[in-house]
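The opening position of the sequence shown corresponds to residue -9 in the working numbering, with each subsequent residue numbered one higher.
No residue lacks a Cβ here, since even glycine has one placed at the ideal position from N, Cα and C.
Small disclaimer: the values here were computed from a predicted structure and weren't measured.
Down below is the structure, laid out as structure tokens.
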Amino acid sequence: MIFKCKNCGGNAVYEPGRKKMYCPHCESLDSEDIVRDKSITQCANCGAPITIGEYTSASKCAHCGSYIVFDERVEGVYEPHLILPFKVNKEMAVEALNTEFRKRTFTPSGFLSEKSLEGMNGMYVPFWLYDYQANYDFAGTGTKVRTWRSGDTEYTETSYYDIERHMHAGFDKVPVDASLGMGDGEMDLMEPYTYADLEGFDPKYMSGFFGEVYNQEAPELEGRAKEKVKEASETLLRQSLGGYTSITPRNKNLNLERDGINFALLPVWMYLYQYRGKTYRFHVNGQTGKVVGKTPVSKEKVLAYGLSAMVFVSTITSLILTILEVL
Ligand SMILES: [Zn+2]
Ligand SMILES: [Zn+2]
-9 MIFKCKNCGG NAVYEPGRKK MYCPHCESLD SEDIVRDKSI TQCANCGAPI TIGEYTSASK
51 CAHCGSYIVF DERVEGVYEP HLILPFKVNK EMAVEALNTE FRKRTFTPSG FLSEKSLEGM
111 NGMYVPFWLY DYQANYDFAG TGTKVRTWRS GDTEYTETSY YDIERHMHAG FDKVPVDASL
171 GMGDGEMDLM EPYTYADLEG FDPKYMSGFF GEVYNQEAPE LEGRAKEKVK EASETLLRQS
231 LGGYTSITPR NKNLNLERDG INFALLPVWM YLYQYRGKTY RFHVNGQTGK VVGKTPVSKE
291 KVLAYGLSAM VFVSTITSLI LTILEVL
């Protein structure tokens, strides 16, 4: 399908800055008509032959520049449950990169040149969002050590505590990217997203952007979601065990119950920068503007800039903690 302007026939796209459909040709807003076309081999606008990847759900015609959403890749089993529309447009994404890298010493002069930026695209990355109920039972022995001096003698008192924790936490929409082409580490660094902006799926949000269906099924990727929840549960447990000199666990049992899975599209700006024969990948979170990149200086390390990488702040929906301590 393609979104055409009723006034001038131009290709209407979703404009994040205005939060509306926008025709770049005659500048009208919300003037779009859907033109359905089932083809995945030719452009719905100009008829030019088009070749798309195995997972492509939205792309751009190389001939006429129209953005096309492929019907059969957004329907049936491929219909997303949720979409997080872009909030950051291209200018804002470039500004975010500029702010981050302008001050860095490496920055080559052509880093954000018009020519290099032509290849910068907004992409709806497929994600699975998993919901869990976590029950964590912990039992162990804690010590608190107190020392003091009286005259020439030093005294040490060790108190032993029986510790029990019963923690229940609900984790809502733990994200795992389902795109083979996107690095797992980079996508994890894109977090956090603010889920309050999630919408029911509407293909109009994809006009003006690229997109993919999930490359892998939800069960295949669930291990990564569980790892994230386990890590977050350990963090919560540790936070509840502050104040002890030492802790010896006797029993730890974390039980995860999955109670929901959603297929969602999350917005990411992708910028590939060629420098001295190497390609550097930069990503900008299309909702928050957070920048993730691999700079020519730190070759191996992917770094996140701007925002803190506290992943689970937004995903824990409830936390009930029962604490039992017996001296
Ligand atoms: Zn128009
Ligand atoms: Zn075309």
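{"Check": "Going by the beta-carbon positions, is the gap between Ala48 and Ile(-8) smaller than 7 Å?", "Outcome": "no"}
{"Check": "Buried or exposed for Val15, going by 16 or more other Cβ atoms inside 10 Å?", "Outcome": "Note on identity: in this sequence residue 15 is His, with Val being the wrong assignment. Counting Cβ neighbours within 10 Å, His15 comes out exposed, since fewer than 16 surround it."}
{"Check": "DSSP beta-bridge partners for Glu202?", "Outcome": "Thr46"}
{"Check": "What's the call for Lys289, buried or exposed, on a 16-neighbour Cβ count within 10 Å?", "Outcome": "Summary for Lys289: the model assigns pLDDT 45, below 50, so the residue's position carries little reliability, and this model does not support an answer."}
{"Check": "Going along the chain, which residues put their C-beta within less than 6 Å of some heavy atom in ligand 2?", "Outcome": "Cys33, Asn35, Cys36, Ala38, Cys51, His53, Cys54, Ser56"}
{"Check": "According to DSSP, simplified to helix, strand and coil, what is Leu297?", "Outcome": "Annotation note: pLDDT 43 at Leu297 (below 50); position unreliable, no value reported."}
{"Check": "If we ignore side chains and look at the alpha-carbon of each, how far apart do Asp249 and Tyr12 end up?", "Outcome": "39 Å"}
{"Check": "Pull up the distance between the alpha-carbon of Arg271 and that of Ile237, whole angstroms please.", "Outcome": "43 Å"}
{"Check": "Less than 6 Å between the CB of Asn(-3) and some heavy atom of ligand 3, yes or no?", "Outcome": "In the structure shown, ligand 3 is absent; the only ligands present are ligand 1 and ligand 2."}
{"Check": "Do Ser197 and ligand 1 come close, with the Cβ less than 6 Å from some heavy atom?", "Outcome": "no"}
{"Check": "Among Cys(-5), Thr235, Tyr4, which residue has its Cα nearest to the Cα of Thr137?", "Outcome": "Thr235"}
{"Check": "Using only the alpha-carbon positions, how far apart do Glu181 and Glu144 sit?", "Outcome": "51 Å"}
{"Check": "Can you give me the Cβ contacts of Gly109 inside the same chain, cut-off strictly under 7 Å, excluding the 5 residues immediately before and after it?", "Outcome": "Leu262"}
{"Check": "By the DSSP assignment, the alpha helix (DSSP H) with Arg8 in it spans what residues?", "Outcome": "Here Arg8 belongs to no alpha helix (DSSP H), and DSSP marks it neither H nor E."}
{"Check": "Between which two residues does the beta strand (DSSP E) carrying Met260 extend?", "Outcome": "236 to 265"}
{"Check": "Shortest alpha-carbon distance to Ala83 belongs to which of Arg266, Tyr265, Gly112?", "Outcome": "Gly112"}
{"Check": "Please name the residue or residues paired with Arg155 in a DSSP beta bridge.", "Outcome": "Phe128, Ile313"}
{"Check": "Report yes or no: do the segment 204 to 218 and the segment 159 to 176 share at least 3 C-beta pairs separated by less than 8 Å?", "Outcome": "yes"}
{"Check": "Quick one: is Ala299 buried, meaning 16 or more other Cβ sit within 10 Å of its Cβ, or exposed?", "Outcome": "Note that Ala299 scores 36 on pLDDT, short of 50, meaning its location in the model is unreliable and no value can be drawn from it."}
{"Check": "By DSSP's criteria, Glu189 is part of a beta bridge. Which residues make up the other side?", "Outcome": "Ile73"}
{"Check": "For Phe101 and Ala129, what's the separation of their Cα atoms in angstroms?", "Outcome": "54 Å"}
{"Check": "Among the residues of its own chain, which have a CB less than 8 Å from the CB of Ile310, if the five just before and after it don't count?", "Outcome": "Met157, His158, Ala159"}
{"Check": "Could you give the distance in angstroms between the alpha-carbon of Arg92 and the alpha-carbon of Val274?", "Outcome": "16 Å"}
{"Check": "Closest to Val219 by CA distance: which of Val3, Tyr122, Glu65, Cys54 is it?", "Outcome": "Tyr122"}
{"Check": "Taking only three categories from DSSP, how would you classify Pro14?", "Outcome": "coil"}
{"Check": "Can you give the Cα-Cα distance for Arg63 and Leu179, rounded to whole angstroms?", "Outcome": "27 Å"}
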